[in-house]
Amino acid sequence: MYAKCGEIGDACKLFDEMPKRDLVTWTVMIGTCADSGKPDESWVLFERMRNEGIVPDRAAVVTIVNACAKLGALHKAVILHDYIRLMNFPVGVVLGTALIDMHAKCGNLDAAREMFNSMKERNVISWSAMIAAYGYHGKATMALELFDVMVGDGRLPPNEITFVSLLNACSHAGFVKEGLEIFDLMTKYGVRPNVKHYTCMIDLLGRAGRLTEASEMIETMSIQKDETLWGSFLGACRIHKNVEMAEKAAMFLLELQPQNPGHYILLSNIYANDGKWDEVAKVRNLMNQRGLKKVPGYTWIEANNRTHRFKVGDMTHPKSKEIYEALRDLTEKLEEAGFVPDTNFVLHDVDEEVKVGMLSLHSEKLALAFGLIATPEGSLLRITKNLRVCGDCHSFFKFASLVTKRDIIVRDANRFHCFKEGSCSCGDYW
């Protein structure tokens, strides 16, 4: 009850005070932490549960797997899958699908496909999960090919989830023509477009710069528009710097979700990109009046079977001195290779020198620097960020993969970026 009412602190307090906890209690608490944006705490609870001798059942295991997927930590995914094998849990459709999702979201697409191939029985959700995995890894062609295999014999018709997965894949890759064809194909399978499908289409058209078409689709659609749809349109307006359309989208967003700080921040950033600092101040003042705060950006990196977390300008890590020294050395090498900091991504009215300094403090750069000093030379680095990676950091990571001869996988709020030899799997389209 507390969790579903958003009172996570009270839920945790009650859980800790209980003199006796059974498997259901542990499962609910693990799921609560994952759903409230604290998947790392879900893993701590899972280990505590095992230490107290509580053996999870199939429902509990699925909950833990889903939490691990949100955490995005590969070594934990491997540990959990090994535990499932050790305990001889039957991997049916539900658990198998959850494992596909977990491996994919932890950056191991090969393990996800291996799990998919090993399943004796698959339902439409299993196929859709694998299609979605290809999508957010930037492999839209493979998503479309898998869809063709799925519908090839006609025994398993796609459902609304399948089409959401396909449209997302097309959006991430810029496959506008294919996305429009898939949207039209839905009627052949008796699937009526809902707000999620329209949101994918707005995202697809918006990312491609076809804002007028996206706006016309919003105007003509007969179903109720929600905050996710307007949020996709606002995000597209930010990418293509269309202030007029952004203001329209923000008006509806702030009416639908006046307590969501993300909408204010996005509008503020759009004004800042356009140099409208008075408008930026108005939006920030409105946030202060309503008691809203920006969601802090965090970045996690796996090293030596541990997950290390950083925030912007972080000085709390025990190796902070070495991290900042490594980052300075790396930045010098990148600049010699041609990297130029993009100060357009510092949305403050300050001079250029200060902007460059602010860019150097981004949490993903700190995580990268730590990874370089904490892992063997040449090894793969896996990084997770809770927000969208900025354009300057994206460019920084491309150069870093070239100069350090390291492959770097970054999972941000939108998708996976696989940096290798100076390029990214997203093709700079994200």
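Last residue of the sequence shown: number 430 in UniProt numbering, and the count goes up by one each step with no gaps.
Built from N, CA and C at the ideal position, the CB exists for glycine as well.
Note: VAL410 is bridge-paired with ILE383 and HIS417 in the DSSP secondary-structure output. If you draw a straight line from the Cα of GLU178 to the Cα of GLY313, it comes to about 42 Å. When the five nearest sequence neighbours on each side are left out, the beta carbons in the same chain lying within less than 7 Å of the beta carbon of ALA369 are those of ILE323, ALA326, LEU327 and LEU330, in order along the chain. One Cα belongs to TRP230, the other to ALA249, and the distance between them is close to 6 Å. In this structure, ILE131 and ALA169 form a Cβ contact; the two beta carbons are roughly 7 Å apart against a cut-off of 8 Å.
With fewer than 16 other Cβ atoms from the protein chains shown falling within 10 Å of its own Cβ, THR212 counts as exposed. The beta-carbon separation of ILE30 and ALA73, rounded to 15 Å, does not stay under the 8 Å limit for a contact. In the DSSP assignment, TYR136 falls within the unbroken alpha helix (DSSP H) covering 124 to 136. In the three-state scheme derived from DSSP, where H, G and I count as helix and E and B as strand, ALA3 is classed as coil. Closest in alpha carbon position to ALA413, among ASP40, HIS75 and HIS137, is HIS137. Looking at the DSSP output, TYR298 bridges to LYS311.
Under the three-state reduction of DSSP, ALA73 is assigned to coil, being neither helix nor strand.
Going by beta carbons, ALA246 and ALA214 fall outside the 8 Å limit. According to the DSSP assignment, ARG155 belongs to no alpha helix (DSSP H), since it is labelled neither H nor E.
Counted as a single uninterrupted DSSP element, the alpha helix (DSSP H) harbouring TRP277 occupies residues 277 to 289. Shown here, ALA173 sits in a helix according to DSSP, grouped into three states. Annotation for HIS240: GLY209 and LEU211 place their beta carbon closer than 7 Å to its own, counting only its chain and skipping 5 residues before and after. The three-state reading of DSSP puts ARG50 in helix, counting H, G and I together. Beta-bridge pairing by DSSP links ARG306 to ALA303. If you draw a straight line from the Cα of GLU336 to the Cα of ARG406, it comes to about 18 Å. The beta-carbon distance between PHE163 and HIS197, rounded to whole angstroms, is 6 Å. This is short enough to meet the 8 Å contact definition.
Of the residues THR384, ASN242, ARG155 and VAL151, the one whose Cα lies closest to the Cα of LEU185 is VAL151. Look at SER423 here: in three-state DSSP terms it is strand. Put simply, the backbone Cα of LYS38 is about 16 Å away from that of CYS5. Boundaries of the alpha helix (DSSP H) around MET29: 23 to 35. When the five nearest sequence neighbours on each side are left out, the beta carbons in the same chain lying within less than 8 Å of the beta carbon of ASN108 are those of LEU74 and ALA77, in order along the chain.
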